[in-house]
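Participant: One structure, pasted below without further comment.
Residue numbers (our numbering), protein chains in the order written: chain A, 872 to 1191; chain U, 47 to 554.
See the structure below:
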């Protein structure tokens, strides 16, 4: 029962905040336009946070997602320009998008291989690749962005009144949620995070599964990178600086444990939305971005503290 | 008055008196109206099956839990503890099974952890004084240990001693030891007993929790038996024997402790040939027939677990072959071993066996998802049903397949792991110390399970440090010494003395 309460906690806080904001700012907050805007803004972070959730459940961490976002976008946009000229159109955009996503996959795969084959800690490996990926992004165009003025579809396109990026986000939520809950790979992710040695002794191919998980995250970062590029119609080498911290915060607020073995997609989505709604609400209420930092920081600590407390209570109830 | 040591200690000074202690966790009544008295300068054994309430009782004493009812007096003064440090302050020290030592620090640093003597400069520690005082403390109890040694470099027996010295440095007058011998070798056990006797000589009371009843007979002065959260008996050890204690523990006579074995071993099913690995085993060869239970004896460090690990693909093989069902297997990982029909129940169920935070059902099916028709996609309803069925078959006591593993008692956790390998349809099953740390009733169930598996035609390799159980259940006994197989004996034609001799004595 208390497990249920624990999962309900972030969702409850989100609902509460939405209610408060609706009451305070009914004319600006509670409009379709604003809500869709929140979702659109959440989609990039949310897609990456889904990948991060699987990594954190496996007791790992990926600090390189922000740099990976920049590199995927840069390579994608570079390919568009290389093929289609200074204002690429049509097929060059599609090829560039695909290439950007492939770069994400390669980056994630590299992380996975380094972590498993060299038996290094994920924190160290991704701290390194964070720097490497960022460096390559800067080197590519001497620190300058690539502009792709016609690459608007992913960022601004709307189908049946819903932004494309939100649709992609929803599809990824569904697929990842299903995989984590019902696939063998998902099950093994929890097992590895809960007790890696035991999972190995139970016949789990730990290395291969970890490589899958990091590669999967790379794929999601690649997709998110192309949405972000499209939204600003340019690829910035500075994109996603400190993004990893926002992402980890969302996952942790959603109830995942950095010690591994615990976390859900629904929790992570709630965590992501919680941060987005707070940001949006603060802006509507005229609270400066600087103060927003303070609020979000406190929320992270509060969420984890409450979660910890709930856990200790469960422990005590279950004692011999 | 006689002059024997035991009657000298039968003084009237009471070190600890707990009266009317009750404690419940949610709906579970862990202790009801327990009264527990320990005389000063005695070793008091606390026994009972898993879940009988031993841990809860000592954790209340150590201030980890607070009782719902009841009072605690230490040296005739009443106390209530809200936190462990309050118990420590009045001389109650608990030495946990996993010892709670900082591995990378020295013995002396551990002894004075959180209580370091100050150095001459501010914020510094007087390391020399620390080593000196640890050495003095060790000497006054005639313990032999190097205060400057790093804990991770020490054998487990020395770590125990370090933990005891740490307790003594805090002026403990009551020391609680929870299963202190479960990971010690024979010689280390002897040494620990000597240490405990030293403590007793100096007037310290030791509360000693153990499943090994022989130890209690040899060491303790008094014994208190708990069953289902109540004290069922408390008396001087000299007036009891093992059979009586067991009877109090389980509340019934265990006449047929070991199941009757009437399986006729069939054809040779497993052939291990010339097996060597980097981790200490050399040229080990043996066969197992279908339906045969083969024991493996040896001292701690003799290489028994390493044989299992090499067969199961955990350790790299340097040489050797494994033939199962006339087919030579190529095994490079546990996954290979499992898909070829080999199971390994590891000796450390918490570290290498269970995913403690996850559901019981997940732990049960993890090794056989493919076999159960859930190679890619899991059907939770079906999985739940499978787990519930096998749980019922093995009479696992749980709140249901969805319960978290850490809510189960040790014996039930062990059954959960056995269930895992039953589902994996293994033909060759290796059980490494399957009865370690589980209670008498659960042990008996494990034995009859092994017997049943043999009846089904499986080959079973049973590694154990307890000779009585090897003699109770096996057809043959293999003896390991220093990484080599030194004996392959028919159980009916050998004796415990012969096995012990082979395991312990150099012949060349």
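Just so it is clear, CB atoms sit at the ideal spot from N, CA and C, and this is done for glycine as well.
(1) Who are the neighbours of residue 1150(A) on chain U, taking C-beta pairs under 9 Å?
(2) Does any residue of chain U bring its CB to less than 8 Å from the CB of residue 1053(A)?
(3) Provide the residue span of the beta strand (DSSP E) that contains residue 531(U), from first to last.
(4) The beta strand (DSSP E) spanning residue 320(U) covers which residue range?
(5) Let me check one thing: in DSSP terms, what residues is residue 1106(A) bridge-paired to?
(6) Take the Cβ of residue 1160(A) as the centre, count every other Cβ of all protein chains shown within 10 Å, and call the residue buried at 16 or more, exposed below.
(7) Looking only at its chain, what residues have a beta carbon closer than 8 Å to the beta carbon of residue 420(U), apart from the 5 residues adjacent to it on each side?
(8) Quick check on DSSP: helix, strand or coil for residue 143(U)?
(9) Decide if residue 510(U) is buried, meaning its Cβ has at least 16 other Cβ atoms within 10 Å, or exposed.
(10) So what does DSSP say about residue 426(U), is it helix, strand or coil?
(11) Check whether the Cβ of residue 929(A) lies closer than 8 Å to any Cβ atom in chain U.
(12) Quick one: does residue 879(A) have its CB under 8 Å from some CB of chain U?
(13) So with CB distances below 8 Å, who are the chain A contacts of residue 466(U)?
(14) Flag residue 421(U) as yes if its beta-carbon sits less than 8 Å from any beta-carbon of chain A, otherwise no.
(15) Please identify the residue among 378(U), 380(U), 388(U), 435(U) whose C-alpha is closest to the C-alpha of residue 406(U).
(16) Pull up the distance between the alpha-carbon of residue 1069(A) and that of residue 400(U), whole angstroms please.
(17) Considering only residues of the segment 355 to 395 of chain U, which uninterrupted alpha helix (DSSP H) runs meet the minimum length of 4 residues and lie entirely inside it, listed in chain order?
(18) Please report whether the beta-carbon of residue 1133(A) lies at a distance below 8 Å from any beta-carbon of chain U.
(19) Apply the 10 Å Cβ neighbour rule to residue 425(U) and answer buried if 16 or more other Cβ atoms are within range, or exposed otherwise.
(20) Let me see if you follow: with CB-CB separation under 8 Å, is residue 1002(A) close to chain U or not?
(21) Within 8 Å, do at least three Cβ pairs link the segment 274 to 292 of chain U to the segment 116 to 132 of chain U?
(22) Pick helix, strand or coil for residue 56(U), following the three-state DSSP scheme.
(23) Let me know the alpha helix (DSSP H) ranges lying completely inside the segment 201 to 233 of chain U, each 4 residues or longer, listed in chain order.
(24) In whole angstroms, what separates the C-alpha of residue 963(A) from that of residue 944(A)?
(25) Pull the bridge partners of residue 125(U) from the DSSP assignment, please.
(26) Return yes when the Cβ of residue 147(U) is within less than 8 Å of the Cβ of residue 108(U), no when it is not.
(27) What does a CB cutoff of less than 6 Å around residue 341(U) pick up in its chain, not counting 5 residues either side in sequence?
(28) What does the Cβ neighbour count give for residue 1172(A), buried or exposed, with the cut at 16 atoms within 10 Å?
(29) Looking at the unbroken beta strand (DSSP E) that takes in residue 93(U), where does it start and where does it end?
(30) Can you find a C-beta in chain A that's less than 8 Å from the C-beta of residue 399(U)?
(31) For residue 402(U), count neighbouring Cβ atoms within 10 angstroms of its own Cβ and tell me buried if that reaches 16, exposed if not.
(32) So what's residue 258(U) in DSSP terms, helix, strand or just coil?
(33) Given a threshold of 16 other Cβ atoms within 10 Å of its Cβ, counted over all protein chains shown, does residue 224(U) qualify as buried or as exposed?
(34) State the DSSP-derived secondary structure class of residue 1161(A), mapped to helix, strand or coil.
(35) Straight-line CA distance for residue 1132(A) to residue 1067(A)?
(36) Check each candidate in 463(U), 485(U), 393(U), 360(U) and name the one with the smallest Cα separation from residue 303(U).
Facilitator: From the atom records:
(1) The residue you call residue 1150(A) lines up with position 279 of the first chain. Per Cβ cutoff of 9 Å: no residues; residue 1150(A) is ~33 Å from chain U at best.
(2) Within the first chain, residue 1053(A) is the residue found at index 182, counting from 1. Closer than 8 Å: yes.
(3) Translated into the one-based positions of the second chain, residue 531(U) becomes position 485. It spans 530 to 536 - the beta strand (DSSP E) in which residue 531(U) sits, taken as one unbroken run.
(4) Position 274 of the second chain, counting from 1, holds the residue named residue 320(U). Following the DSSP letters along the chain, one finds residue 320(U) inside the beta strand (DSSP E) bounded by residues 314 to 323.
(5) Locating residue 1106(A) in the first chain gives position 235, counting from the first residue. Paired residue(s): 1017(A).
(6) Within the first chain, the letter at position 289 stands for residue 1160(A). Exposed is the call here.
(7) Numbered from its first residue, the second chain carries residue 420(U) at position 374. Here the set comprises 411, 428, 429.
(8) Here residue 143(U) refers to the residue found at position 97 when the second chain is read from its first residue. In the structure shown, residue 143(U) falls within a coil segment according to DSSP collapsed to helix, strand and coil.
(9) In the second chain, counting from the first residue as 1, residue 510(U) sits at position 464. Buried.
(10) Walking along the second chain from the start, residue 426(U) turns up at place 380. Helix at residue 426(U).
(11) Your numbering for residue 929(A) matches position 58 in the first chain. No, because no Cβ of chain U sits closer than 8 Å to the Cβ of residue 929(A).
(12) Working through the first chain from its first residue, we reach residue 879(A) at position 8. Not an interface residue.
(13) Numbered from 1 along the second chain, position 420 holds the residue referred to as residue 466(U). Near residue 466(U) (Cβ distances below 8 Å), the residues of chain A are 1073.
(14) Counting from one through the second chain, the residue named residue 421(U) turns up at place 375. Yes - at least one Cβ of chain A is within 8 Å of the one on residue 421(U).
(15) Against the second chain, residue 406(U) aligns to sequence position 360. Answer by Cα proximity: 435(U).
(16) Looking up residue 1069(A) in the first chain gives position 198. Looking up residue 400(U) in the second chain gives position 354. Cα to Cα, residue 1069(A) sits roughly 6 Å from residue 400(U).
(17) 380 to 385
(18) Here the question's residue 1133(A) lines up with position 262 in the first chain. For residue 1133(A), the answer is yes, since a Cβ of chain U falls inside 8 Å of its Cβ.
(19) As a position in the second chain, residue 425(U) is number 379, starting the count at 1. So residue 425(U) counts as exposed.
(20) Translated into the one-based positions of the first chain, residue 1002(A) becomes position 131. Cβ-Cβ to chain U under 8 Å: no for residue 1002(A).
(21) no
(22) In the second chain, the residue the question calls residue 56(U) occupies position 10. Summary for residue 56(U): the model assigns pLDDT 48, below 50, so the residue's position carries little reliability; its value from the coordinates is reported in the next sentence. DSSP places residue 56(U) outside both helix and strand once states are collapsed to three, so it counts as coil.
(23) 202 to 215
(24) Here residue 963(A) refers to the residue found at position 92 of the first chain. Here residue 944(A) refers to the residue found at position 73 of the first chain. Near 14 Å, if we compare the C-alpha coordinates of residue 944(A) and residue 963(A).
(25) Start at 1 with the first residue of the second chain, and residue 125(U) comes out as number 79. Answer is 118(U).
(26) Against the second chain, residue 108(U) aligns to sequence position 62. Against the second chain, residue 147(U) aligns to sequence position 101. Against a cut-off of 8 Å, the Cβ pair of residue 147(U) and residue 108(U) comes out as no contact.
(27) Walking along the second chain from the start, residue 341(U) turns up at place 295. Once the five neighbours on either side are set aside, the close Cβ partners of residue 341(U) are 508, 516, 520, 523.
(28) Position 301 of the first chain, counting from 1, holds the residue named residue 1172(A). Classification of residue 1172(A): exposed, given that the 10 Å Cβ count is below 16.
(29) Sequence index remark: in the second chain, residue 93(U) carries index 47 (1-based). Taken as a continuous stretch (DSSP letters only), the beta strand (DSSP E) holding residue 93(U) covers 89 to 93.
(30) Sequence index remark: in the second chain, residue 399(U) carries index 353 (1-based). For residue 399(U), a Cβ of chain A is located within less than 8 Å of the residue's own Cβ.
(31) Here residue 402(U) refers to the residue found at position 356 of the second chain. By the 10 Å Cβ count, residue 402(U) comes out buried.
(32) Position 212 of the second chain, counted from the first residue, corresponds to residue 258(U). It is coil, neither helix nor strand.
(33) The residue labelled residue 224(U) in the question sits at position 178 within the second chain. The residue in question, residue 224(U), is buried, as its Cβ has 16 or more Cβ neighbours within 10 Å.
(34) What you label residue 1161(A) is simply residue 290 of the first chain in a count that begins at 1. Residue 1161(A): helix per DSSP, three-state reduction.
(35) Within the first chain, the letter at position 261 stands for residue 1132(A). Within the first chain, the letter at position 196 stands for residue 1067(A). Cα to Cα, the separation comes out at about 10 Å.
(36) What you label residue 303(U) is simply residue 257 of the second chain in a count that begins at 1. Ranking the options by Cα distance to residue 303(U), first place goes to 485(U).
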